[in-house]
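Student:
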Ligand SMILES: [Zn+2]
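Here it is as structure tokens:
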């Protein structure tokens, strides 16, 4: 009954394929949350990976609620999608995806949705997927424009074939983005994933370029670059160590501990100091300290309100004694 309208179009055999699939969504922002919405409803099992927490400035485009602000995105999205379809299996991973854990987090994926917003992680996903022959969607949006393609290892050009290493671009924070523009890129990612999982391809080998202000929709042919290292089997991003401090968005930083810490122990110690206000969650402890809001996880912390990596390192030392 649940899938009857979808089955009427794609057929029972294709619906069975979807029910057996596992799609891993990396990045549960606007693209990841809207792709996840349609994939969960379509009956696809999901693994949701995101290192970030929900902020008020996310809500105009990412499918979270006001009460989710401060929660890890992967967990908030899992809860939302389970409410829409309790039949599918949904895992939430609130962690930084990097070369040291990508094998563990992306294993057994039928397909990967790239919903990230940074080039380093995109190239890491590209290397993993090429090496392990996992198809993946690439999608990005800024202002009122979007780009999207489906990369099938061995069949299509890869991300590095057409995207330069030194690629820098505006971010949602600096240039802004129209909510529906980025939402649609997520929905098209879900459509491409469904089509590929049931054996119907369309966008592969071309880059979809959309400009919603100009009502422009075009497919641009992309070609394999003969000098592309990833296509030749050299996966340099799989060997790159994760950076200890990265800026996720303006004033929001992630600090990786490099080991597992006992967050209950730390919060009990900090609670004794009046400079720290502690709010305990299930897998996360929120610490309010001076102008900072710190979300403490087992292997890392996210700091809001900092201005430099140096400031974040000093704070980390104060909190975990790193
Ligand atoms: Zn390539």
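Residue numbers (the numbering used here): 5 to 326.
Think of the CB as a built atom: it goes at the ideal place given N, C-alpha and C, for glycine as much as any other residue.
Any heavy atom of ligand 1 within a distance shorter than 6 Å of the CB on residue 133?
Tutor: Here residue 133 refers to the residue found at position 129 when the chain shown is read from its first residue. Result no, Cβ not under 6 Å from ligand 1.
Student: Can you tell me whether residue 60 is buried or exposed, with buried defined as 16 or more other CB within 10 angstroms of its CB?
Tutor: Here the question's residue 60 lines up with position 56 in the chain shown. Classification for residue 60: exposed.
Student: Could you tell me the distance, in whole angstroms, from the CA atom of residue 160 to the CA atom of residue 99?
Tutor: For the purposes of this step, residue 160 is taken as residue 156 along the chain shown, with counting starting at 1. For the purposes of this step, residue 99 is taken as residue 95 along the chain shown, with counting starting at 1. Roughly 30 Å between the two C-alpha positions.
Student: By Cβ distance below 7 Å, which residues in the same chain neighbour residue 45 in space, the five residues on each side in sequence not counted?
Tutor: On the chain shown, residue 45 is found 41 positions in, with the first residue counted as 1. Cβ within range, chain order: 88, 89.
Student: Any heavy atom of ligand 1 closer than 6 Å to the Cβ of residue 32?
Tutor: By 1-based counting over the chain shown, the position of residue 32 is 28. Result no, Cβ not under 6 Å from ligand 1.
Student: Are the Cβ atoms of residue 306 and residue 57 separated by less than 7 Å?
Tutor: Here residue 306 refers to the residue found at position 302 when the chain shown is read from its first residue. Here residue 57 refers to the residue found at position 53 when the chain shown is read from its first residue. Yes, the pair counts as a contact, with Cβ atoms nearer than the cut-off.
Student: Quick one, which of 79, 260, 233 has its alpha-carbon nearest residue 323's?
Tutor: One-based indexing of the chain shown puts residue 323 at position 319. Selected option, being the one with the closest Cα: 260.
Student: Tell me the rounded alpha-carbon separation between residue 143 and residue 153.
Tutor: Mapped onto the chain shown, residue 143 falls at position 139. Mapped onto the chain shown, residue 153 falls at position 149. Rounded to whole angstroms, residue 143 to residue 153 spans 7 Å at the Cα level.
Student: Let me know the secondary structure DSSP gives residue 253 once reduced to three states.
Tutor: In the chain shown, residue 253 corresponds to position 249, counting from 1. Three-state DSSP puts residue 253 in a strand.
Student: Which residues are close to ligand 1, meaning CB closer than 5 Å to any heavy atom, in chain order?
Tutor: Any residue whose Cβ sits closer than 5 Å to a heavy atom of ligand 1 makes the list: 162, 164, 165, 232, 234, 235.
Student: Report the three-state DSSP secondary structure of residue 296 (helix, strand or coil).
Tutor: Locating residue 296 in the chain shown gives position 292, where the first residue counts as 1. Strand.
Student: Taking the Cβ atom as the reference point for each residue, do residue 234 and residue 118 lie within a distance shorter than 7 Å?
Tutor: Numbered from 1 along the chain shown, position 230 holds the residue referred to as residue 234. Numbered from 1 along the chain shown, position 114 holds the residue referred to as residue 118. No, the Cβ-Cβ distance between residue 234 and residue 118 is not below 7 Å.
Student: On the CB-based measure, 16 or more other CB atoms within 10 Å of its CB, does residue 4 come out buried or exposed?
Tutor: With the chain covering only 5 through 326, there is no way to say anything about residue 4.
Student: Determine the contact status of residue 165 and residue 122, defining contact as a CB-CB distance below 7 Å.
Tutor: The residue you call residue 165 lines up with position 161 of the chain shown. The residue you call residue 122 lines up with position 118 of the chain shown. Taking 7 Å as the Cβ cut-off, residue 165 and residue 122 do not qualify as a contacting pair.
Student: Taking C-alpha atoms, which residue in 276, 247, 158, 241 lies nearest to residue 341?
Tutor: Residue coverage of the chain in this structure runs from 5 to 326, which leaves residue 341 outside it and unanswerable.
Student: Suppose only complete runs of 4+ residues qualify. What are the alpha helix (DSSP H) ranges in the region 117-175, listed by chain order?
Tutor: Counting whole runs of 4 or more residues, the region 117-175 contains the alpha helix (DSSP H) stretches 123-136, 163-166.
Student: If you follow the beta strand (DSSP E) that residue 304 is in, where does it begin and where does it stop?
Tutor: Here residue 304 refers to the residue found at position 300 when the chain shown is read from its first residue. Start and end: 304-308.
Student: Rounded to whole angstroms, what is the Cα-Cα separation between residue 65 and residue 107?
Tutor: The count along the chain shown starts at 1 and reaches residue 65 at position 61. The count along the chain shown starts at 1 and reaches residue 107 at position 103. Their Cα atoms are separated by approximately 30 Å.
Student: Exposed or buried, residue 50, counting other C-beta atoms within 10 Å across all chains shown (16 or more means buried)?
Tutor: Here residue 50 refers to the residue found at position 46 of the chain shown. Buried, since its Cβ has 16 or more Cβ neighbours within 10 Å.
Student: Would you call residue 308 buried or exposed, if buried means 16 or more other Cβ atoms sit within 10 Å of its Cβ?
Tutor: Working through the chain shown from its first residue, we reach residue 308 at position 304. When all chains shown are included, residue 308 counts as buried.
Student: Could you check whether residue 179 and residue 137 sit closer than 7 Å to each other, using their CB atoms as the reference points?
Tutor: Start at 1 with the first residue of the chain shown, and residue 137 comes out as number 133. Start at 1 with the first residue of the chain shown, and residue 179 comes out as number 175. No, these two residues do not count as a Cβ contact at 7 Å.
Student: Is the beta carbon of residue 96 less than 7 Å from the beta carbon of residue 52?
Tutor: Taking the first residue of the chain shown as position 1, residue 96 is located at position 92. Taking the first residue of the chain shown as position 1, residue 52 is located at position 48. Yes; because the gap between Cβ atoms is below 7 Å, this pair is in contact.
Student: Just to confirm the assignment: which complete beta strand (DSSP E) runs, minimum length 3, are found wholly within the region 9-94?
Tutor: Fully enclosed beta strand (DSSP E) runs of 3 or longer: 26-30, 49-53.
Student: Taking the alpha helix (DSSP H) that residue 319 falls in, what are its first and last residues?
Tutor: If you number the chain shown from 1, residue 319 lands on position 315. Its alpha helix (DSSP H) spans residues 313-324.
Student: Is the separation between the beta-carbon of residue 25 and that of residue 201 shorter than 7 Å?
Tutor: Here residue 25 refers to the residue found at position 21 of the chain shown. Here residue 201 refers to the residue found at position 197 of the chain shown. Their beta carbons are under 7 Å apart, which means residue 25 touches residue 201 by this criterion.
Student: With 7 Å as the threshold, decide whether the Cβ of residue 280 is near any Cβ in chain D.
Tutor: In the displayed structure, chain D is absent; only one protein chain is listed.
Student: Using only alpha-carbon positions, find the residue among 69, 76, 33, 105 that is nearest to residue 243.
Tutor: To locate residue 243, count along the chain shown from 1; it is residue 239. If we check each option's Cα against that of residue 243, 105 comes out closest.
Student: Rounded to the nearest angstrom, what separates residue 21 and residue 14 at their Cα positions?
Tutor: Sequence index remark: in the chain shown, residue 21 carries index 17 (1-based). Sequence index remark: in the chain shown, residue 14 carries index 10 (1-based). Cα to Cα, the separation comes out at about 11 Å.
Student: Should residue 72 be labelled buried (16 or more other beta-carbon atoms within 10 Å of its own) or exposed?
Tutor: Counting from 1 along the chain shown, the entry for residue 72 is found at position 68. Buried, since its Cβ has 16 or more Cβ neighbours within 10 Å.
Student: Assuming residue 43 contacts residue 145 under a Cβ cut-off of 8 Å, what Cβ separation, rounded to an integer in Å, is found between them?
Tutor: Locating residue 43 in the chain shown gives position 39, counting from the first residue. Locating residue 145 in the chain shown gives position 141, counting from the first residue. That belief does not hold up - the Cβ atoms of residue 43 and residue 145 are roughly 18 Å apart, past 8 Å.
Student: On the DSSP letters alone, give me the boundaries of the alpha helix (DSSP H) that residue 106 sits inside.
Tutor: Here residue 106 corresponds to residue number 102 of the chain shown, with the count starting at 1. Residue 106 -> alpha helix (DSSP H) spans 106-110.
Student: Going by DSSP in three states, residue 242 sits in which element: helix, strand or coil?
Tutor: The residue you call residue 242 lines up with position 238 of the chain shown. The answer is helix: DSSP assigns residue 242 an H, G or I state.
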